[in-house]
Amino acid sequence: MKQGETAAGGSADGAPELFDLLSELHLMDFESQHLLRHIHERDRPLANYLKVVNKRIDLLGQALAQSLLRDIGPARQVVLSEGGVGFSNPQPLDTGSHLAIRMVLMPQALGLLLRAVVVHSRPREDGQFDIGTEFEELTDAQRQLLARHILQKQAQQRRLARERSSPAP
């Protein structure tokens with residue numbers, strides 16, 4: 001993620017264009033779910049076929065995401081909410097700066113390009129900076145995809161906590 005980076009910004013390796021494609025695949029999948037439910041009510045064989053085609057597209061998207069992850073770099077720990085994202089950064093960012101944040105949310109390899117504004121940039125003892133941002137102009141689909149990802153991560157954390165606290169047989 002770069003300060004001032006735009007969705008139209010290109011590079012020689014084509015990573016931004018591939019990222020935009022991955023993001024569009026997920027948004028289209030999300031937006032078409034209600035159509036698939038309607039088709040399922042009227043024509044189950046067709047709906048089952050479309051689910052298989054969708055699964056194939058998902059597999060291609062995951063392969064694309066793996067390629068992008070090599071270009072984007074190592075995973076970063078972040079604090080994610082529907083309202084914004086917090087992360088550590090080696091340099092401070094100016095409060096009020098606008099960012100274009102490209103993120104791939106795992107394990108579903110969900111690619112999102114989100115606009116954000118820096119709300120704080122605080123030095124830490126280790127020389128890094130805690131950066132806090134607020135998302136700007138989220139579409140309803142982007143907000144719902146973020147919410148779904150957050151809920152899935154929370155459920156996964158609760159399952160892991162239960163497994164750790166229950167004694168092994």
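All residue numbers for the sequence shown refer to the UniProt record's numbering, where the first residue is 1 and numbers rise by one. Ideal Cβ placement from N, Cα and C applies to all residues, glycine included. Since we're looking at a predicted model, the values are computed, not measured.
Going by beta carbon distance, what residues of the same chain come within less than 7 Å of residue i, once the five residues before and after it are set aside?
{"i": "H149", "result": "L105 and L110"}
{"i": "R159", "result": "none"}
Can you tell which of the options has the C-alpha that lies nearest to the C-alpha of residue i?
{"i": "S23", "options": "A155, G73, L46 and T139", "result": "T139"}
{"i": "L50", "options": "S32, Q154 and E82", "result": "S32"}
{"i": "F129", "options": "P74, Q62, P90 and E163", "result": "P90"}
{"i": "L21", "options": "S67, S166 and R162", "result": "S67"}
Determine the direct distance from the alpha carbon of residue j to that of residue i, and round the result to whole angstroms.
{"i": "E136", "j": "A116", "result": "5 Å"}
{"i": "A141", "j": "D29", "result": "10 Å"}
{"i": "G83", "j": "I131", "result": "14 Å"}
{"i": "E17", "j": "R143", "result": "22 Å"}
{"i": "F87", "j": "V79", "result": "7 Å"}
{"i": "N54", "j": "H120", "result": "40 Å"}
{"i": "Q40", "j": "H98", "result": "In the sequence as displayed, the identity of residue 40 is His instead of Gln. So the two alpha carbons sit approximately 43 Å from each other."}
{"i": "L59", "j": "R76", "result": "24 Å"}
With a cut-off of 8 Å on the beta carbons, I'd call residue i and residue j a contact; round off their distance for me.
{"i": "L113", "j": "R122", "result": "Their Cβ separation, rounded to whole angstroms, is 26 Å, which puts L113 and R122 out of contact at 8 Å."}
{"i": "residue 172", "j": "L36", "result": "Within the shown structure, residues of the chain are numbered from 1 to 169, placing residue 172 beyond reach of any answer."}
{"i": "V118", "j": "L93", "result": "5 Å"}
Which term fits residue i, buried or exposed, when burial requires 16 or more other beta carbons within 10 angstroms of its beta carbon?
{"i": "V52", "result": "exposed"}
{"i": "G73", "result": "exposed"}
{"i": "Q65", "result": "In the sequence as displayed, the identity of residue 65 is Ala instead of Gln. A65 comes out buried."}
{"i": "G96", "result": "exposed"}
Going by beta carbon distance, what residues of the same chain come within less than 8 Å of residue i, once the five residues before and after it are set aside?
{"i": "G127", "result": "P90"}
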